[in-house]
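Enquirer: For the sequence shown, counting from 1, position 293 maps to 408 in this note's numbering; every step adds exactly one.
Backbone N, C-alpha and C define an ideal beta-carbon position, used for all residues, glycine too.
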Amino acid sequence: ISKDCVRVAARVRPFNKREKDAGSRCVVSMVSSSITIQDPRDPQNRRSFCFDFAYWSHSGFFQDRSGLFVPEEADGRYADQDSVFQDLGEGILENALQGYNATLLAYGQTGSGKSYSMVGYGPNKGLVPKLCDRLFEAIRGNQETRQCQVFFSMMEIYNEQVIDLLSQGSRTSGGLRIREEQQRGFYVEGLRTVPCDSAQQVEQLMEQGTRTRTTAATHMNANSSRSHMLIILQLKQIFSKENITKQSNINLVDLAGSERQRSCGSEADRLKEGTAINLSLTTLGNVISALADVAVGRKVIHIPYRDSVLTKLLQSALGGNSRTVMIATLSPADICYEESLSTLRYAERAKRIQNRPVVNESPTE
Ligand code: ADP
Ligand code: MG
C-alpha cells in the first residue's frame, strides 16, 4: 500500500469592511506555494510555511454586475474559485472516479473564507458545487463503461450532537447516534441519504440543508460558526463487463471557526459549549498532532479518534483509507495575526499526516 500525505493549501481573502475601517495592514505574503506571515508588532519576526498550494485571493479583483469576482487586469494574481477548483477539486474528482475515498477539510477562523471556498456565495460557486457539476458531467460521459449512483447526505455537528440537515425534526430528538461496524467503521445511524442524478438536485439539497442549519441555529440561539458542517457524497460505480463495483466516499467538511471560543449566551450554554462544542475541534487537533508525530517516527501510544464525534466520522480521512486535502483560510489583516499564525501552524502539522488510500472495489453482487 502506498503512502499518501495530506495535501495542504492556504488561501488569503480580501480585507473585509471591518479591517478596512480599522486601516489594517496586510501581514501575509505568498511566493508560489510558500506563505510568509509577519508579526505586526515586530516586523523582523517572520515565519514562512511551505504548503502544496497557496492562493492569493487578497486583492486585484472586482465584482462584475452579476456579483462574480473576476481578476482585475492590472493584477492577475487574484486566485479565483476556478483556479482553486482546478488544483484541489479536479484531483478529488479523479480519485473518486478511480474508487478512492477522498476528504476535503476547510480550517480557519470565522470569517476567513471557509464557506466561501467550500460552498461559495451566489455566482462565486465553491468547491462542492463545482465538484458536483463535474461529477455528473463525468458520469454522463462514462455511461458506456459503467453505471453510476450518487447519494448525498448533509449533517451538522454541534455540541457533540449530529443533526441531519436534510430531515426535519432530528434536532428535537437530541441528535443521531454514531455506530461502529467492523467493515464500515463509524457511521451515523439513520442519516438521510438522498439518491441524486443531477448537480441541480444536489444544489437544491445543499440550499435546503443550509437553511435548516441557519434557522435551527437561530432557534437555539446558537452561532453556526461554532458547528461543523459535513457533506458526504457516496459514489457507486458498477462496471458490468468487468463485473466489478467501485465505491467511494467523498467527505466535504466546513469546520467550526478555529478561533478561541469567546463566550456569549447564557451561563449554562457557555458551560455546555465550553466542554462539548469544541471537543470535536480540539480532538481533531490532538489526532492531527499524534499522527504528525507518528509520521516523524515518534512513539505514539494512542490516537484519540474515539474522543469526539468529528474524529470518529473522519477516522479514515486521518491516517487511513482516504486521499485528504485541507484548505487553510486566512485573513490578511494585522489584527488577525495570532489567529492566522495558529492556522498556519495547524496546517503545517496536518501536512505531515500519511494516509494509506486503497481503491474500494469488489465483485458486483
Ligand atoms: P467563514 O466561513 O470562514 O466564516 P466566509 O467564507 O463566510 O467565512 O467569508 C467571510 C466573508 O469574506 C464573506 O463575505 C465572503 O464573501 C468573503 N470572502 C471570503 N473568502 C473570499 C475570497 N477568496 N474572495 C473574495 N471574498 C471572500
Ligand atoms: Mg462559514
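#1: Suppose only complete runs of 4+ residues qualify. What are the alpha helix (DSSP H) ranges in the stretch 157 to 240, listed by chain order?
#2: Please report the straight-line C-alpha distance between N210 and S363, rounded to a whole angstrom.
#3: Is R126 closer than 8 Å to V234 when the C-beta atoms are compared?
#4: Sorry if obvious, but does the Cβ on K110 come closer than 7 Å to a heavy atom of the ligand MG?
#5: Going by DSSP, what residue range makes up the alpha helix (DSSP H) through K135?
#6: Between which two residues does the beta strand (DSSP E) containing E318 stretch?
#7: Going straight from the alpha carbon of D136 to that of S446, what length do you get?
#8: Would you report the Cα separation of I347 and A432, rounded to the nearest angstrom?
#9: Under three-state DSSP, which class holds R464?
#10: Over what stretch of residues does the beta strand (DSSP E) that includes N364 continue unbroken?
#11: By Cβ distance below 6 Å, which residues in the same chain neighbour T327 in space, the five residues on each side in sequence not counted?
#12: If we call anything under 8 Å between Cβ atoms a contact, is L246 one with L208?
#13: Helix, strand or coil, according to DSSP, for R126 in the structure here?
#14: Look at the alpha carbon of Q276 and the alpha carbon of A465, and state the distance between them as a whole number of angstroms.
#15: Between K132, R161, S148 and I272, which lies nearest to Y452 when the distance is taken from Cα to Cα?
#16: Could you tell me whether any non-hydrogen atom of the ligand ADP is closer than 7 Å to the CB of S172?
Expert: The answer reads as follows:
#1: 196 to 199, 205 to 213 and 229 to 233
#2: 9 Å
#3: no
#4: Nothing about residue 110 can be reported from this structure: the residues present for the chain run from 116 to 480 only.
#5: K132 to D136
#6: Not the beta strand (DSSP E): E318 falls in the alpha helix (DSSP H), residues A314 to H334.
#7: 15 Å
#8: 12 Å
#9: helix
#10: I359 to D369
#11: L280
#12: yes
#13: strand
#14: 25 Å
#15: R161
#16: yes
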